[in-house]
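Undergrad: Chains A and B, in that order, are what the protein sequence lines are. The first sequence begins at 1 in the numbering used here and counts up by one. The second sequence begins at 496 in the numbering used here and counts up by one.
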Amino acid sequence: MRLVDVDGRSVYQPLEAEADVVIVGSGPAGASVAREAARAGASVVVLEEGHEARREEFVEGGLQSMARLYRDMGTSVAFGAAPIPFLQGRAVGGTSVVNGAICWRLPRDVYDGWASALPGLESELPYEALAAAEEQIEQRLNVRPTDPAVAGRKNELLARGAEALGLEHRPIRRNVERCSGSGRCLQGCPNGAKLSVDRTFLSDAVEKGARIFAGVTARGVKVERGRAVAVEARAAGGGRVGVRARRAVVLAASAIQTPLLLRASGLHRGEPGDGLMAHPGVSVTGRFDAPVYNTRGATQGHEVTGLRREGIKIEALGFDASILQSRLPGAGRAYARALEQLDHHAVWGAALKAEARGRVRAVGGRAFVRYGLTAEDVRKAARGVRVLAELFFAAGAREVYPLVAGAPKVLHEAGELEGALPLDARAYPMSMTHLFATAPLGRVVGLDFQHPDARGLYVADSSAFPSCTGVNPQIAIMAVAQLCAARVLTGKRSF
Amino acid sequence: MKTGREERAILRGAGRAELKRRLASGHRVDASAIEGWVYRGTSLGLPRLVERLTWKTFQKAFWRDPLTGRLMGWNVRLEQDGLDAPSRPKRARDGAPVTVWFYEVLETGGGLVIDYSRGPNPPLELTRLVTDPLVSLVPGDADLLLGVSRVGPVDTPTYFMLEREHPVAGVPRALRPLALSAAERRWAERLFAALLGREAMPELEGFWAAAAKAPAPYFSAGLRAAVCALTFLPLAEPGPFFRLSGAQRLDWAERVDSDERVLVRQLVSTVKTVACLAGAA
Numbered sequence: 001m002r003l004v005d006v007d008g009r010s011v012y013q014p015l016e017a018e019a020d021v022v023i024v025g026s027g028p029a030g031a032s033v034a035r036e037a038a039r040a041g042a043s044v045v046v047l048e049e050g051h052e053a054r055r056e057e058f059v060e061g062g063l064q065s066m067a068r069l070y071r072d073m074g075t076s077v078a079f080g081a082a083p084i085p086f087l088q089g090r091a092v093g094g095t096s097v098v099n100g101a102i103c104w105r106l107p108r109d110v111y112d113g114w115a116s117a118l119p120g121l122e123s124e125l126p127y128e129a130l131a132a133a134e135e136q137i138e139q140r141l142n143v144r145p146t147d148p149a150v151a152g153r154k155n156e157l158l159a160r161g162a163e164a165l166g167l168e169h170r171p172i173r174r175n176v177e178r179c180s181g182s183g184r185c186l187q188g189c190p191n192g193a194k195l196s197v198d199r200t201f202l203s204d205a206v207e208k209g210a211r212i213f214a215g216v217t218a219r220g221v222k223v224e225r226g227r228a229v230a231v232e233a234r235a236a237g238g239g240r241v242g243v244r245a246r247r248a249v250v251l252a253a254s255a256i257q258t259p260l261l262l263r264a265s266g267l268h269r270g271e272p273g274d275g276l277m278a279h280p281g282v283s284v285t286g287r288f289d290a291p292v293y294n295t296r297g298a299t300q301g302h303e304v305t306g307l308r309r310e311g312i313k314i315e316a317l318g319f320d321a322s323i324l325q326s327r328l329p330g331a332g333r334a335y336a337r338a339l340e341q342l343d344h345h346a347v348w349g350a351a352l353k354a355e356a357r358g359r360v361r362a363v364g365g366r367a368f369v370r371y372g373l374t375a376e377d378v379r380k381a382a383r384g385v386r387v388l389a390e391l392f393f394a395a396g397a398r399e400v401y402p403l404v405a406g407a408p409k410v411l412h413e414a415g416e417l418e419g420a421l422p423l424d425a426r427a428y429p430m431s432m433t434h435l436f437a438t439a440p441l442g443r444v445v446g447l448d449f450q451h452p453d454a455r456g457l458y459v460a461d462s463s464a465f466p467s468c469t470g471v472n473p474q475i476a477i478m479a480v481a482q483l484c485a486a487r488v489l490t491g492k493r494s495f
Numbered sequence: 496m497k498t499g500r501e502e503r504a505i506l507r508g509a510g511r512a513e514l515k516r517r518l519a520s521g522h523r524v525d526a527s528a529i530e531g532w533v534y535r536g537t538s539l540g541l542p543r544l545v546e547r548l549t550w551k552t553f554q555k556a557f558w559r560d561p562l563t564g565r566l567m568g569w570n571v572r573l574e575q576d577g578l579d580a581p582s583r584p585k586r587a588r589d590g591a592p593v594t595v596w597f598y599e600v601l602e603t604g605g606g607l608v609i610d611y612s613r614g615p616n617p618p619l620e621l622t623r624l625v626t627d628p629l630v631s632l633v634p635g636d637a638d639l640l641l642g643v644s645r646v647g648p649v650d651t652p653t654y655f656m657l658e659r660e661h662p663v664a665g666v667p668r669a670l671r672p673l674a675l676s677a678a679e680r681r682w683a684e685r686l687f688a689a690l691l692g693r694e695a696m697p698e699l700e701g702f703w704a705a706a707a708k709a710p711a712p713y714f715s716a717g718l719r720a721a722v723c724a725l726t727f728l729p730l731a732e733p734g735p736f737f738r739l740s741g742a743q744r745l746d747w748a749e750r751v752d753s754d755e756r757v758l759v760r761q762l763v764s765t766v767k768t769v770a771c772l773a774g775a776a
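#1: Which same chain residues, not among the five before or five after LEU566 (chain B), have their C-beta less than 7 Å away from its C-beta?
#2: Our contact map puts ARG247 (chain A) next to GLY456 (chain A) with C-beta atoms below 8 Å; I'd like the distance itself, whole angstroms only.
#3: How would you list, in chain order, the residues of chain A whose beta-carbon sits under 7 Å from the beta-carbon of TRP532 (chain B)?
#4: How many whole angstroms separate the CB atoms of GLY61 (chain A) and SER322 (chain A), which I take to be in contact at a CB cut-off of 8 Å?
#5: What are the start and end residues of the beta strand (DSSP E) that includes VAL44 (chain A)?
#6: Let's see if you can read the secondary structure: which residues bound the beta strand (DSSP E) around ILE102 (chain A)?
#7: Determine the DSSP secondary structure at TRP791 (chain B), reduced to helix, strand or coil.
#8: By a C-beta neighbour count over all protein chains shown, 10 Å radius and 16 as the cutoff for buried, is LEU157 (chain A) buried or exposed?
#9: Entirely within the stretch 701-741 of chain B and at least 4 residues each: give me those alpha helix (DSSP H) ranges in chain order.
#10: Spatial neighbours of TYR654 (chain B) within its chain, please: CB distance less than 6 Å, with the 5 preceding and 5 following residues excluded, ordered by chain position.
#11: Along the chain, where does the beta strand (DSSP E) containing TYR458 (chain A) start, and where does it finish?
#12: Got a sec, what are the start and stop residues for the beta strand (DSSP E) PHE79 (chain A) sits in?
#13: Per DSSP, what are the beta-bridge partners of ASN616 (chain B) in this structure?
#14: Could you please give the first and the last residue of the uninterrupted beta strand (DSSP E) stretch that includes GLN554 (chain B)?
#15: Residues in the stretch 70-83 of chain A with C-beta within 9 Å of chain B's C-beta atoms, listed in sequence order?
#16: Which residues, in order along the stretch 423-441 of chain A, keep a beta-carbon less than 8 Å from a beta-carbon of chain B?
#17: Check whether the Cβ of VAL763 (chain B) lies closer than 8 Å to any Cβ atom in chain A.
#18: State the beta-bridge partners of ALA350 (chain A) as determined by DSSP.
#19: Looking at VAL769 (chain B): is its Cβ nearer than 8 Å to the Cβ of VAL759 (chain B)?
#20: The stretch 687-698 of chain B: which residues have C-beta closer than 9 Å to a C-beta of chain A, in chain order?
#21: Determine the chain B residues that contact PRO14 (chain A) at a beta-carbon separation under 9 Å, and present them in chain order.
#22: Where PHE495 (chain A) and GLU128 (chain A) are concerned, what is the direct C-alpha to C-alpha distance, given to the nearest angstrom?
#23: For LEU566 (chain B), which residues does DSSP report across the bridge?
#24: So, using beta-carbon positions, are PRO171 (chain A) and ALA151 (chain A) closer together than 8 Å?
#25: Note down, in chain order, each residue of its chain lying with its Cβ closer than 6 Å to the Cβ of ALA382 (chain A), except the 5 sequence neighbours on either side.
#26: ALA439 (chain A) and THR258 (chain A) - do their beta-carbons sit closer together than 8 Å?
#27: At a Cβ threshold of 8 Å, is GLN325 (chain A) touching chain B?
#28: Along the chain, where does the alpha helix (DSSP H) that runs through ASP204 (chain A) open and close?
#29: Applying the 10 Å Cβ sphere with the 16-neighbour rule, what's the burial state of VAL110 (chain A)?
#30: Is GLU749 (chain B) close to chain A? Criterion is C-beta to C-beta, closer than 8 Å.
#31: Between which two residues does the alpha helix (DSSP H) harbouring PHE392 (chain A) extend?
#32: Anything in the stretch 551-565 of chain B with a Cβ closer than 9 Å to a Cβ of chain A? List those residues in chain order, please.
#33: Between ALA705 (chain B) and chain A, is the shortest Cβ-Cβ distance under 8 Å, so that the two count as touching?
#34: So, with DSSP's three-state summary, where would you put THR549 (chain B)?
#35: Less than 8 Å between the beta carbons of LEU639 (chain B) and LEU629 (chain B), yes or no?
#36: Measuring straight from C-alpha to C-alpha, what distance separates ASN175 (chain A) and ALA193 (chain A)?
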């Protein structure tokens with residue numbers, strides 16, 4: 001089915017359009033709202049800065065994939081004591097096109113934390129309503145535990161290590177169908193096995209008449225007499241795009257772009273962009289006697305859940321070969337020797353439920369992100385590295401490389417890390433996914449997701465979350481967006 | 496309403512008085528409607544003799560600097576193949592189009608103005624004294640623009656029209672001061688090879704092309720700083736990287752990778768990651 005109605009690359013002249021609901025962003029949140037709105041009979045236009053990601057165009061190489069499917073080619077960086085790269089997809093379907101397909105429902109304890117901080121949340125956004133929405137979403141996305149037949153060695157070894165250490169673990173629940181374990185989730189699934197939202201929710205929406213404008217970058221929301229009436233945008237081809245909204249404008253452009261759009265629209269109440277939260281991650285490499293073939297098998301098929309309440313979630317990582325190569329130890333001839341055994345290496349990571357709060361602002365028309373870990377976050381990073389090393393040795397690794405400045409380069413047993421992990425954020429090479437809380441409920445928007453200074457303007461993505469979740473947020477984002485959609489359509493709760 | 500072709504024909508044949516009248520009655524141009532585009536320029540209203548000595552056709556490019564948000568631009572010299580011939584840029588020795596007379600486009604109360612004093616032109620370049628107000632001939636349509644060159648408050652006889660041609664494909668290095676120069680790229684490739692334990696890297700044109708186009712603006716700046724620091728600072732024995740032979744570089748890479756200083760570790764780790772991406776590209 002043809003997904004994109006307007007390809008902005010060929011829009012040179014001004015283009016005007018109109019719809020009941022105009023949605024900015026086609027990732028999990030935007031797709032959820034689009035599907036709900038289109039199914040309810042509303043006319044829908046979705047504006048997406050990226051282009052349609054066709055699976056026949058997906059390539060294995062990390063660089064080419066990042067250039068095509070990631071914002072800034074995957075080189076976006078949050079600046080703080082240590083610069084931390086963060087990854088965001090940029091394509092029709094958003095980050096769901098390039099994520100690891102990991103599905104978690106919003107943990108009850110996280111929700112309870114939100115409810116205790118936000119009086120009224122439990123009646124406006126009950127946990128049961130969220131859980132019901134998550135149930136429906138998971139059915140559509142075919143969320144299932146990773147099939148052992150396609151898990152591959154890296155995932156099996158993580159399970160073995162966790163079992164040996166007595167840590168709670170499980171196959172990752174993923175949104176895939178007929179996955180063959182090609183290990184290419186992060187470059188876009190070449191087999192179409194990952195049920196990203198372009199293949200599901202957006203397709204459903206388009207079937208019901210929604211229109212997707214790809215290659216169109218929103219510049220701001222037009223607000224007249226306290227009401228959001230249009231989105232002003234620019235096509236990749238240079239033409240100006242204006243889409244009038246008869247009923248609502250929904251921002252679902254990510255926790256980086258959504259607050260910038262609010263600011264660009266003159267909506268500064270509640271300081272959008274402040275309070276950014278995220279899941280920074282550390283990773284450790286291990287070398288086994290037998291080949292692991294880290295690039296084969298389910299990209300991310302197994303996780304250790306036993307440390308979640310400590311704010312640490314451990315996952316097997318399936319990078320492309322170039323990223324895996326960068327995780328090998330040494331340089332010069334020593335590196336070349338390590339490279340000869342590339343297939344014997346596995347990389348596992350620990351995602352941290354960080355308490356740090358950052359800030360997003362526009363500088364020179366681009367996002368500038370400040371984010372610095374707290375001492376507690378650094379302690380979690382150190383604990384994550386330590387546990388990862390223990391897991392590798394428990395799984396039978398011959399050597400482990402923590403890649404932490406100041407720590408031993410090569411470990412032959414986990415005990416060598418005792419007292420050797422510095423409590424200095426700069427020592428830990430990290431990257432960040434899952435960004436939240438830059439336009440949260442109760443501060444920037446009301447508990448009905450609506451902006452107090454612009455009726456009909458809603459924030460539906462993880463910007464609206466009061467905090468990070470400590471787990472992969474795709475399903476929770478979609479569920480929250482689905483409940484937001486009910487507000488958009490009826491002005492009322494849907495439960 | 497006249498078609499673009501008719502408008503062009505009228506402008507080409509118009510005298511200075513008519514051009515002045517059209518400029519005065521022109522419409523404001525939306526800056527965002529021209530950014531990212533190359534326009535074909537045609538000089539208007541010049542005496543034939545002057546035309547023969549100067550450029551009848553040229554290109555003007557408009558590009559918003561992602562680092563500063565400023566709308567910048569440059570002129571491209573064209574082979575003078577005739578008014579209706581396709582644009583064919585003159586080429587420098589390295590094959591790049593010859594670009595001259597850089598400028599910033601300012602949004603003033605009177606509309607858009609090209610200001611050559613705000614571009615990276617040589618300090619004594621006379622063009623620095625020139626500004627070009629720009630108008631469109633049809634409200635809301637930026638496909639055909641009219642301008643005049645002005646020295647201070649005085650209009651020169653140099654009018655020009657600009658016709659939208661194609662999106663900007665590349666940005667001259669003069670406007671990307673943070674990007675790696677050709678020499679820095681060669682040093683970067685030597686560092687990549689040393690860190691990865693190779694004698695040399697394979698052809699990396701594809702990587703450099705991608706790196707110049709897609710990443711965040713601070714990517715080039717960061718990589719440049721890392722490459723320069725690792726190449727020229729005396730970080731490890733037997734001396735600064737740039738002075739070493741091929742075999743010595745491999746030894747150096749092992750030593751610098753063992754450096755305990757956090758900043759050095761970060762530099763090495765960053766360049767090594769980029770090297771792996773580049774090598775696999």
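Backbone N, C-alpha and C fix where the C-beta goes; we use that ideal spot for every residue, glycine too. Bear in mind that the values here come from a model prediction, so they are computed numbers and not experimental data.
TA: Quick look at the numbers:
#1: Only ALA526, GLU530, PHE557, ARG559, GLU599, VAL600 meet the Cβ criterion.
#2: Confirmed, about 7 Å.
#3: The contacting residues are GLY238.
#4: About 7 Å; that satisfies the 8 Å criterion.
#5: According to the DSSP assignment, VAL44 (chain A) belongs to the beta strand (DSSP E) that extends over 44-48.
#6: Unbroken run through ILE102 (chain A): none, as it is neither H nor E.
#7: Residue 791 (chain B) is absent from the model: chain B starts at 496 and stops at 776.
#8: Buried.
#9: Unbroken alpha helix (DSSP H) runs of no fewer than 4 residues, entirely contained in the stretch 701-741 of chain B, are found at 712-727, following chain order.
#10: The answer, listed in chain order, is LEU514, LEU539, GLY540, VAL643.
#11: For TYR458 (chain A), the enclosing beta strand (DSSP E) starts and ends at 454-459.
#12: If you look at PHE79 (chain A), you'll find it in the beta strand (DSSP E) that goes 77-79.
#13: In the DSSP output, where bridge partners are listed per residue, ASN616 (chain B) has none listed.
#14: For GLN554 (chain B), the enclosing beta strand (DSSP E) covers residues 552-559.
#15: Taking a C-beta cut-off of 9 Å against chain B, the contacting residues of the stretch 70-83 of chain A are TYR70, ARG71, ASP72, MET73, GLY74, THR75, SER76, VAL77, PHE79, ALA82, PRO83, listed in chain order.
#16: Listed by position, the residues of the stretch 423-441 of chain A near chain B (Cβ gap below 8 Å) are ASP424, ARG426, ALA427, PRO429.
#17: Closer than 8 Å: yes.
#18: Within the DSSP secondary-structure output, ALA350 (chain A) pairs in a beta bridge with A:VAL282, A:ILE314.
#19: For the 8 Å CB-CB criterion, VAL769 (chain B) and VAL759 (chain B) do not form a contact.
#20: If the cut-off is 9 Å between Cβ atoms, the stretch 687-698 of chain B has ALA689, LEU690, LEU691, GLY692, ARG693 near chain A.
#21: Chain B residues near PRO14 (chain A): ALA528, GLY635, ASP636.
#22: Because the pLDDT of PHE495 (chain A) is 46, which lies under 50, any placement of that residue in the model is unreliable, and the number read from its coordinates should be weighed accordingly. C-alpha separation (whole angstroms): 9 Å.
#23: Partner(s): B:ARG559.
#24: In this structure, PRO171 (chain A) places its C-beta atom within 8 Å of the C-beta atom of ALA151 (chain A).
#25: Its chain contains LEU421 as the residues whose beta carbon lies nearer than 6 Å to that of ALA382 (chain A), once the 5 sequence neighbours on both sides are disregarded; these appear in chain order.
#26: Against a cut-off of 8 Å, the Cβ pair of ALA439 (chain A) and THR258 (chain A) comes out as a contact.
#27: Interface residue, yes.
#28: Where ASP204 (chain A) is concerned, the enclosing alpha helix (DSSP H) stretches over 201-207.
#29: Here VAL110 (chain A) is buried. Its C-beta has 16 or more other C-beta atoms within 10 Å.
#30: True, the Cβ-Cβ gap to chain A drops below 8 Å.
#31: Per DSSP, PHE392 (chain A) belongs to the alpha helix (DSSP H) from 375-394.
#32: Contact annotation: in the stretch 551-565 of chain B, residues whose CB is within less than 9 Å of a CB in chain A are ARG559, ASP560, PRO561, LEU562, THR563, GLY564, ARG565.
#33: The beta carbon of ALA705 (chain B) sits closer than 8 Å to some beta carbon of chain A.
#34: Three-state result, THR549 (chain B): coil.
#35: It is not a contact, given that the beta carbons lie outside the stated cut-off.
#36: Between the alpha carbons of ASN175 (chain A) and ALA193 (chain A) lies a gap of roughly 9 Å.
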